[in-house]
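The structure appears below as structure tokens.
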């Protein structure tokens, strides 16, 4: 087999979830209108801040290029994955105003809040033109999110009843 044939076969194989190659396929904040992203977060009382390229992101739990959170503020750079911006914003959205005011970098309080955050970030993707649930779930899988059911889609469909109920009890989109 020639090297060209091998390359063609290799190119058709999707990158492994969580790999560096897969991470390169996810949508980044710079690929969407910043004003649209800021308006979505503003609906929930959050302020989106653009951090200049090359500058560390304040409040980032995982480090650059992941989004950061401090109180009602979400910080991103152009290279921040969209799923990261939505995820960190949703951590703040699911909190009470009193709890939100205390957040700096780490917003997780419990497993159910984490599940609700993951669920809500997928729901909110539908509010972004050209994104939607399917794309966001594919990005989450590519980045390496891990669910008992395997893929994000399988989790949303078969194992997220508790997250939906938790969001519904708080009057949040589900």
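Numbering (this note's numbering), first residue to last: 8 to 181.
For glycine and all other residues, C-beta sits at the position ideal for the given N, C-alpha and C.
Just so you know, these numbers come straight off a predicted model, no measurement behind them.
Just verifying my parser: in three-state terms, what is the DSSP assignment at residue 64? Coil, per DSSP.
Given this structure, state the Cα-to-Cα distance separating residue 163 from residue 58, to the nearest angstrom. Taking the straight line joining both Cα atoms gives about 32 Å.
Assuming residue 37 and residue 86 make a contact with CB atoms under 8 Å, what is their CB distance in whole Å? The pair is a contact, with the Cβ atoms about 7 Å apart (cut-off 8 Å).
Could you check whether residue 45 and residue 55 sit closer than 8 Å to each other, using their CB atoms as the reference points? Taking 8 Å as the Cβ cut-off, residue 55 and residue 45 qualify as a contacting pair.
If you follow the alpha helix (DSSP H) that residue 139 is in, where does it begin and where does it stop? Per DSSP, residue 139 belongs to the alpha helix (DSSP H) from 139-150.
State whether the stretch 146-157 contacts the stretch 59-77, with contact taken as three or more CB pairs (one from each stretch) at a distance under 8 Å. A contact is defined here as three or more CB-CB pairs under 8 Å, and the stretch 146-157 fails this definition with respect to the stretch 59-77.
Using only alpha-carbon positions, find the residue among 120, 129, 102 that is nearest to residue 169. Ranking the options by Cα distance to residue 169, first place goes to 120.
For residue 12, three-class secondary structure by DSSP: For residue 12, the pLDDT reaches just 34, beneath the cut-off of 50, and the residue's location in the model is therefore unreliable, although a value from the coordinates is still provided. Residue 12 falls in the helix class under three-state DSSP.
Relative to the C-alpha of residue 40, which candidate in 136, 51, 29, 82 has its C-alpha closest? Checking every option, the nearest Cα to that of residue 40 belongs to 136.
Grab me the residues of residue 189's own chain with a C-beta within less than 6 Å of its C-beta, minus the 5 sequence neighbours each way, in chain order. No answer is possible for residue 189: the residues shown for the chain start at 8 and end at 181.
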